[in-house]
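J.: Next up is a structure, given as structure tokens.
Chains as they are written, first to last, in the numbering used here: chain F, 100 to 412; chain Y, 100 to 412.
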């Protein structure tokens, strides 16, 4: 395997390009938009230098970046390609257009993964000639720093394609999971959604303000979860493991869930959080805070790499 | 302020002792059980040495440990004390006994906090002479590595006592939050419970196995949450902040929550997770895995401290 094509040179596409270029000699980033192409060259150069400084890139940036080319020529992009990662806009019609085109010009043996966070493969691949090679390959942004990838096949996806993409993700040192049946929100956003629903409820009903709610996670709940999952966490928190934990605390959690009346995500539900967040930062300040977040993510990635070596995963 | 008394020399009591001894010259750990007392002296020595090695303790262990004394003499323990942290068994009758005794012999101006994770202050302080000085001060285990503290006053608790305990927690470099109205599970366990309910549902219904579920958090969701709360996370994930995010993704999350039928935490709900966890580790192996977890937590605490300095909190 030699060549990867990425469709869409936006934020996600560029991040995928860096991830693939760590293990592949030829990564082609395709976009129709001239500005996106120009911007991507600049952004790739900035990001690779930052990653290199932190020891998260083996090659020197100048050498590394030569493995990534950018083009607006689709035929050139997909020529002799081994895998295609689609990163177009989150819009069903646009995705269907792209996939229909790819399906007709790319050899049918080539797997095509979509970065979509919300559209099921059974929906975007419906009516295509080769739905068996299409599936969702959903990264977390940015995949260069957050390695989880959700692989979500449709019922039509060939099992060999799922295995191939899992192997590919492992090869580029991402952490793939396989979702066994299609479900709205896949796994990550369902877990996030469950916590967010409870969080908004607690703030909107006046049990806690949103600053203290955030502290609860970043100084409490989120620490273990950055290196252990929630299941391993509770397994280690009772002498008899999961079932012991479930017997001890299950009644409380069940009770909490039963009380969890589903609220509509309307203005009254999020107004208080929005108001409180704007007391700390203006929307303009969010830009620099995003840069701060990415630096912290880089430092955390480096720390996790070192801790994995030192103590094991 | 000079002296802190801790009632109960178990795991939580010992961890509190270390946290308080970072800023107080005199920390007295009280227990009625001889074995607990002996064991605590050994364990404190081990833990302080580990923390020192990682740069998480300013004094040398031999000097540091002199600030903590252990006794089975309650009168001696509470003499001239400035604050009392209760860490007895999680049993209402036992706690009521302890608090009734403390209430009658400790000067009424002294605040008394309970480490309980589940019993409300309005319940355990009912009928006492001075319910206004009692409140929940719930740590995460171990507080020396996970700094969040949930302060949960009852409706009887004096506001000055809440302020005093918040200030005290800040002084010893813990991260306190104040829960404004009593609620089952407080905040942390409600958030954890919401995520666990969804997680068990997804595994028991066959959408994902428990290994992949854990990966979703430890390689994905948990990374940002180890240094940002969930509210800041979504505020930075849409150009227009929280309300923009809520408009974009609210319908999906609301849908996810509506589908979330509450399941009973019975065997069929947790059997699959338990079975799968036991394929990776026997219950005996959980002991060494707990040690691994604590080392990772220490390394993470050190990393966070460094990143706070380098990039800001």
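The beta-carbon is built from N, C-alpha and C at its ideal position, and this holds for glycine as well. Remember, predicted model here, so these are calculated numbers, not experimental data.
Name the chain F residues that come within less than 9 Å of residue 361 of chain Y, Cβ to Cβ?
T.: If you number the second chain from 1, residue 361 of chain Y lands on position 262. Neighbours of residue 361 of chain Y on chain F, chain order: 353, 356, 357, 359.
J.: Any beta-carbon of chain Y closer than 8 Å to the one on residue 296 of chain F?
T.: For the purposes of this step, residue 296 of chain F is identified with residue 197 of the first chain, where counting begins at 1. Cβ-Cβ to chain Y under 8 Å: yes for residue 296 of chain F.
J.: Counting only C-beta atoms, is residue 89 of chain F closer than 8 Å to chain Y at any point?
T.: No statement about residue 89 of chain F is possible, as the shown extent of chain F runs from 100 to 412 and does not include it.
J.: So, is residue 376 of chain F buried or exposed, given that buried needs 16 or more other C-beta atoms within 10 angstroms?
T.: Here the question's residue 376 of chain F lines up with position 277 in the first chain. Classification of residue 376 of chain F: buried, given that the 10 Å Cβ count is 16 or more.
J.: Note the first and the last residue of the continuous alpha helix (DSSP H) segment covering residue 173 of chain F.
T.: Along the first chain, read from residue 1 onward, the residue named residue 173 of chain F stands at position 74. Residues 173-177.
J.: Does residue 412 of chain F pass the burial test, meaning 16 or more other C-beta atoms within 10 Å, or should it be called exposed?
T.: Along the first chain, one-based indexing puts residue 412 of chain F at 313. Classification for residue 412 of chain F: exposed.
J.: Would a check of beta-carbon distances place residue 385 of chain F closer than 8 Å to chain Y?
T.: Your numbering for residue 385 of chain F matches position 286 in the first chain. Chain Y, which has a Cβ nearer than 8 Å to the Cβ of residue 385 of chain F, makes this yes.
J.: Please specify which runs of the beta strand (DSSP E), each continuous and at least 3 residues long, are wholly inside the stretch 233-316 of chain F, giving them in chain order.
T.: With a minimum length of 3 residues, the continuous beta strand (DSSP E) runs that stay inside the stretch 233-316 of chain F are 233-238, 247-252, 274-277.
J.: Indicate the three-state DSSP secondary structure (helix, strand or coil) for residue 185 of chain Y in the structure shown.
T.: Position 86 of the second chain, counted from the first residue, corresponds to residue 185 of chain Y. DSSP places residue 185 of chain Y in strand when its eight states are reduced to three.
J.: Contact criterion: CB-CB distance below 8 Å. Does residue 396 of chain Y meet it with respect to chain F?
T.: By 1-based counting over the second chain, the position of residue 396 of chain Y is 297. Yes - at least one Cβ of chain F is within 8 Å of the one on residue 396 of chain Y.
J.: Let me know the secondary structure DSSP gives residue 170 of chain Y once reduced to three states.
T.: Within the second chain, residue 170 of chain Y is the residue found at index 71, counting from 1. Looking at residue 170 of chain Y - three-state DSSP - the assignment turns out to be strand.
J.: Could you spell out the range, first to last residue, of the beta strand (DSSP E) harbouring residue 205 of chain F?
T.: Along the first chain, one-based indexing puts residue 205 of chain F at 106. Looking at the DSSP string, residue 205 of chain F is not in any beta strand (DSSP E), and its letter there is neither H nor E.
J.: Which residue marks the beginning of the beta strand (DSSP E) containing residue 155 of chain F, and which one marks its end?
T.: On the first chain, position 56 is the one that residue 155 of chain F refers to. Residue 155 of chain F -> no beta strand (DSSP E), and no H or E assigned at all.
J.: Check this for me: beta carbons of residue 312 of chain F and residue 322 of chain F, under 8 Å apart or not?
T.: Translated into the one-based positions of the first chain, residue 312 of chain F becomes position 213. Translated into the one-based positions of the first chain, residue 322 of chain F becomes position 223. The answer is no: Cβ separation not under 8 Å.
J.: Around the Cβ of residue 206 of chain F, are there at least 16 other Cβ atoms within 10 angstroms (buried) or fewer (exposed)?
T.: As a first step, residue 206 of chain F must be located in the first chain, where it is residue number 107. Under this definition residue 206 of chain F is an exposed residue.
J.: Name the residues in the stretch 321-339 of chain Y whose C-beta lies less than 9 Å from a C-beta of chain F; which are they?
T.: Correct list: 321, 322, 323, 324, 325, 326, 327, 328, 329, 330, 331, 332, 333, 334, 335, 336, 338, 339.
J.: Spatial neighbours of residue 123 of chain Y within its chain, please: C-beta separation below 6 Å, excluding the five flanking residues on both sides.
T.: The sequence position of residue 123 of chain Y within the second chain is 24, counting from 1. Excluding positions up to five away in sequence, the list reads 103.
J.: Is there a Cβ from chain Y that is less than 8 Å from the Cβ of residue 49 of chain F?
T.: Past the boundaries of the shown model lies residue 49 of chain F; chain F is included only from 100 to 412, so the question cannot be answered.
J.: Give, in chain order, every residue of the stretch 298-320 of chain Y whose Cβ lies closer than 7 Å to some Cβ of chain F.
T.: Under the 7 Å Cβ criterion, the stretch 298-320 of chain Y contributes 298, 301, 305, 306, 307, 309, 311, 312, 313, 314, 315, 316, 317, 318, 319, 320.
J.: Kindly indicate the opening and closing residues of the beta strand (DSSP E) around residue 355 of chain Y.
T.: Taking the second chain and counting its residues from 1, one reaches residue 355 of chain Y at position 256. Element bounds for residue 355 of chain Y: not the beta strand (DSSP E) but the alpha helix (DSSP H), 340-358.
J.: May I ask you to list, following chain order, the residues of the stretch 248-259 of chain Y that have a beta carbon less than 7 Å from some beta carbon of chain F?
T.: Under the 7 Å Cβ criterion, the stretch 248-259 of chain Y contributes no residue.
J.: I need the boundaries of the alpha helix (DSSP H) containing residue 118 of chain Y, first residue and last residue.
T.: One-based indexing of the second chain puts residue 118 of chain Y at position 19. Residue 118 of chain Y -> alpha helix (DSSP H) spans 110-120.
J.: Can you find a C-beta in chain Y that's less than 8 Å from the C-beta of residue 373 of chain F?
T.: Translated into positions along the first chain, residue 373 of chain F becomes position 274. Yes, because at least one Cβ of chain Y sits closer than 8 Å to the Cβ of residue 373 of chain F.
J.: How about residue 211 of chain F and residue 193 of chain F: do their beta carbons lie closer than 8 Å?
T.: Here residue 211 of chain F corresponds to residue number 112 of the first chain, with the count starting at 1. Here residue 193 of chain F corresponds to residue number 94 of the first chain, with the count starting at 1. Result no, Cβ atoms of residue 211 of chain F and residue 193 of chain F do not sit closer than 8 Å.
J.: Taking a cut of 9 Å between CB atoms, which residues from the stretch 103-130 of chain Y lie near chain F?
T.: Listed by position, the residues of the stretch 103-130 of chain Y near chain F (Cβ gap below 9 Å) amount to none.
J.: Please confirm whether residue 221 of chain F has its beta-carbon closer than 8 Å to some beta-carbon of chain Y.
T.: Start at 1 with the first residue of the first chain, and residue 221 of chain F comes out as number 122. Chain Y contact via Cβ: absent.
J.: For residue 378 of chain Y, would you say it is in contact with chain F, using Cβ-to-Cβ distances shorter than 8 Å as the test?
T.: Counted from its first residue, the second chain places residue 378 of chain Y at position 279. It does not; no Cβ of chain F falls within 8 Å.
J.: Using 8 Å as the threshold, is the stretch 331-346 of chain Y in touch with the stretch 277-288 of chain F, meaning 3 or more CB pairs across them?
T.: No: the two stretches stay apart, fewer than three of their Cβ pairs being nearer than 8 Å.
J.: Any residues in the stretch 222-241 of chain Y with a beta carbon nearer than 9 Å to a beta carbon of chain F? Which ones, in chain order?
T.: Residues passing the 9 Å Cβ filter: 239, 240.
J.: Let me check one thing: in DSSP terms, what residues is residue 102 of chain F bridge-paired to?
T.: What you label residue 102 of chain F is simply residue 3 of the first chain in a count that begins at 1. DSSP lists F:125 as partners of residue 102 of chain F.
J.: So for residue 139 of chain Y, helix, strand or coil by DSSP?
T.: To locate residue 139 of chain Y, count along the second chain from 1; it is residue 40. Reduced to three states, the DSSP call for residue 139 of chain Y is helix.
J.: Quick one: measure Cβ to Cβ for residue 150 of chain F and residue 243 of chain F, integer angstroms, because I've assumed they're closer than 8 Å.
T.: Locating residue 150 of chain F in the first chain gives position 51, where the first residue counts as 1. Locating residue 243 of chain F in the first chain gives position 144, where the first residue counts as 1. Contact flag correct, Cβ pair sits at about 7 Å.
J.: How many angstroms separate the CA atom of residue 256 of chain F from the CA atom of residue 232 of chain F?
T.: Translated into the one-based positions of the first chain, residue 256 of chain F becomes position 157. Translated into the one-based positions of the first chain, residue 232 of chain F becomes position 133. Roughly 6 Å between the two C-alpha positions.
J.: So which residues on chain Y does residue 286 of chain F lean against when the C-beta distance must stay under 8 Å?
T.: By one-based count along the first chain, residue 286 of chain F stands at place 187. Neighbours of residue 286 of chain F on chain Y, chain order: 301, 306, 307, 311, 312, 315.
J.: Taking Cβ positions, are residue 287 of chain Y and residue 239 of chain Y nearer each other than 8 Å?
T.: Indexing the second chain from 1 puts residue 287 of chain Y at position 188. Indexing the second chain from 1 puts residue 239 of chain Y at position 140. Taking 8 Å as the Cβ cut-off, residue 287 of chain Y and residue 239 of chain Y qualify as a contacting pair.
J.: Just the Cα atoms here: how many angstroms apart are residue 364 of chain Y and residue 340 of chain F?
T.: Taking the first residue of the second chain as 1, we reach residue 364 of chain Y at position 265. Taking the first residue of the first chain as 1, we reach residue 340 of chain F at position 241. For residue 364 of chain Y and residue 340 of chain F, the distance between alpha carbons rounds to 15 Å.
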